[in-house]
Each structure stands twice: as structure tokens, then as C-alpha cells.
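Peer 1: Using full-length UniProt numbering, the letters of the sequence shown map in sequence onto residues 1 to 177.
Yeah, the Cβ is synthetic: ideal placement off N, Cα and C, and Gly gets one too.
Note that the coordinates shown come from a computational prediction; the quantities given were computed from them, not determined experimentally.
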Amino acid sequence: MFKYLNIKKFAKGFTLIELLVSIMVFSLIVVTIGTIYMSAISWERRVVATEKIQENATLVIETMAREIRVSSIPGPDASGCTATTLTISHPIYGTVTYSLNSEGSVLRQTSSTVNVSSFNVKFSRMKFCIVGSGLYDNLPSKVTILLSLENRVGTQVVPIDIQTTITSRDIQSELED
Numbered sequence: 001m002f003k004y005l006n007i008k009k010f011a012k013g014f015t016l017i018e019l020l021v022s023i024m025v026f027s028l029i030v031v032t033i034g035t036i037y038m039s040a041i042s043w044e045r046r047v048v049a050t051e052k053i054q055e056n057a058t059l060v061i062e063t064m065a066r067e068i069r070v071s072s073i074p075g076p077d078a079s080g081c082t083a084t085t086l087t088i089s090h091p092i093y094g095t096v097t098y099s100l101n102s103e104g105s106v107l108r109q110t111s112s113t114v115n116v117s118s119f120n121v122k123f124s125r126m127k128f129c130i131v132g133s134g135l136y137d138n139l140p141s142k143v144t145i146l147l148s149l150e151n152r153v154g155t156q157v158v159p160i161d162i163q164t165t166i167t168s169r170d171i172q173s174e175l176e177d
């Protein structure tokens, strides 16, 4: 008779507690993997936005640098980084002015106005530090460009500050002396 009452001893399968513990462990693993996946997607979007901002900033800086290197910079120094426009005297294009418009785009003005930057990027600050632009200071003209920009497209706004210094290689005045 006691043989028939001891049925649990030989029963196969999982108990309710074992089933609940395995479901909980599986749920924790799925939630952890989902969180890591969502975080990776967020970082990937941030990296793509940063790449686009840097590409556009590089294009704008390289465009300005190419013209500053072969130009002379008339006018007084702006060593306090207060200048918001840069006017240079280019040997081919004449007077070229770089400025920032109210929409956050970098403009290049000669006889016509051209937008140098992309619409996907907003420039919030563009300042120029100009040193050595005086006629008799015997210093090469140096322009330091300070830029603050961020993306306009995408779910994450990525602000970036960039600074570079460009030296003018205007040798026209040296050849005349």
C-alpha cells in the first residue's frame, strides 16, 4: 500500500518553481540583450550624425583655407576673436567675404553669394581671430576660425566645436619689395 502513495518519488518533469525560475532567467537575458541592442542603435545614429557634421565642417574649413592661403587680409587685426565676418583680398576673385546668415549657413560673397555649407548642418557660431594683417608688423597673417555646429536632421542633436588656424601665404607683397 505504501508503494502506491509514494508516486512523487518517481515522477519525471519540472516543478512549478523550476519553471518560474527558468522563465525569469530567460526574461532577464532577453531584456538585457534588447537593452544592449537599442543602445547600440542609438550610438550608431550618433556616430553617423557626427560623421556628417565633421564632413560638412571639413568642407567649409577647406574651402575657406584654400582661399585664405593665397589671399591677403586687409584691415586691422581681430585678435580678440570678435570678428563675425572675414574679408580677404583674393588674387583672382577679388574681395571675398565669409559670414554666417541667420539660418545658420556659411555664405561666401564675391560678386554673387554662395551657400558653402549643407542644409543638414546648422552653424550656431562662427568667429575669426586675425593676427598679422597689419602692413608694417612683418608677421604672416594668421586666421583662427572658431565654429560651433550641430545637425538639423536626425533624432539626436550632436553639437560640435571646431577650431583651426590658417596662415596666409601671400607672397605678392614680399616679391614687390
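Which two residues bound the contiguous beta strand (DSSP E) that contains K12?
Peer 2: Translated into positions along the sequence shown, residue 12 becomes position 12. First-last for K12: undefined, no H or E at that position.
Peer 1: Which of the three DSSP states is assigned to T58 in this structure?
Peer 2: For the purposes of this step, residue 58 is taken as residue 58 along the sequence shown, with counting starting at 1. T58: helix per DSSP, three-state reduction.
Peer 1: So which of V121, I73, F119 and G80 has the shortest CA-CA distance to Y98?
Peer 2: By 1-based counting over the sequence shown, the position of residue 98 is 98. If we check each option's Cα against that of Y98, I73 comes out closest.
Peer 1: Going by DSSP in three states, R152 sits in which element: helix, strand or coil?
Peer 2: Here residue 152 is taken as the residue at index 152 of the sequence shown, counted from 1. Note: R152 maps to coil in three-state DSSP.
Peer 1: Considering just the uninterrupted stretch of the beta strand (DSSP E) at G94, what are its terminal residues?
Peer 2: In the sequence shown, residue 94 corresponds to position 94, counting from 1. From DSSP, the beta strand (DSSP E) with G94 extends over G94 to L100.
Peer 1: Could you round the C-beta distance between I145 and I53 to whole angstroms and report it? I think they count as a contact, below 8 Å.
Peer 2: The count along the sequence shown starts at 1 and reaches residue 145 at position 145. The count along the sequence shown starts at 1 and reaches residue 53 at position 53. About 15 Å separates the two Cβ atoms, so there is no contact after all.
Peer 1: Drop a sphere of 10 angstroms on the beta-carbon of L147, count the other beta-carbons inside from all chains shown, and report buried for 16 or more, exposed for fewer.
Peer 2: For the purposes of this step, residue 147 is taken as the residue at position 147 of the sequence shown. Buried is the call here.
Peer 1: Decide if S27 is buried, meaning its Cβ has at least 16 other Cβ atoms within 10 Å, or exposed.
Peer 2: The count along the sequence shown starts at 1 and reaches residue 27 at position 27. That one is exposed.
Peer 1: Quick check on DSSP: helix, strand or coil for R125?
Peer 2: Counted from its first residue, the sequence shown places residue 125 at position 125. Of the three classes helix, strand and coil, the one that applies to R125 here is strand, per DSSP.
Peer 1: Please report the distance separating the alpha-carbon of S89 from that of F119.
Peer 2: What you label residue 89 is simply residue 89 of the sequence shown in a count that begins at 1. What you label residue 119 is simply residue 119 of the sequence shown in a count that begins at 1. Going by the C-alpha atoms only, they are around 27 Å apart.
Peer 1: Look at the Cβ atom of G94, then the Cβ atom of T113, and state whether they are nearer than 9 Å.
Peer 2: For the purposes of this step, residue 94 is taken as the residue at position 94 of the sequence shown. For the purposes of this step, residue 113 is taken as the residue at position 113 of the sequence shown. Taking 9 Å as the Cβ cut-off, G94 and T113 do not qualify as a contacting pair.
Peer 1: Put L139 into one of helix, strand or coil per three-state DSSP.
Peer 2: Translated into the one-based positions of the sequence shown, residue 139 becomes position 139. Coil.
Peer 1: Let me make sure I understand the geometry here. Which of G104, D77, T35 and E44 has the alpha-carbon closest to that of E150?
Peer 2: Here residue 150 corresponds to residue number 150 of the sequence shown, with the count starting at 1. For E150, the nearest C-alpha among the options comes from G104.
Peer 1: Grouping DSSP H, G and I as helix and E and B as strand, with all else coil, what is S89?
Peer 2: Sequence index remark: in the sequence shown, residue 89 carries index 89 (1-based). The answer is strand: DSSP assigns S89 an E or B state.
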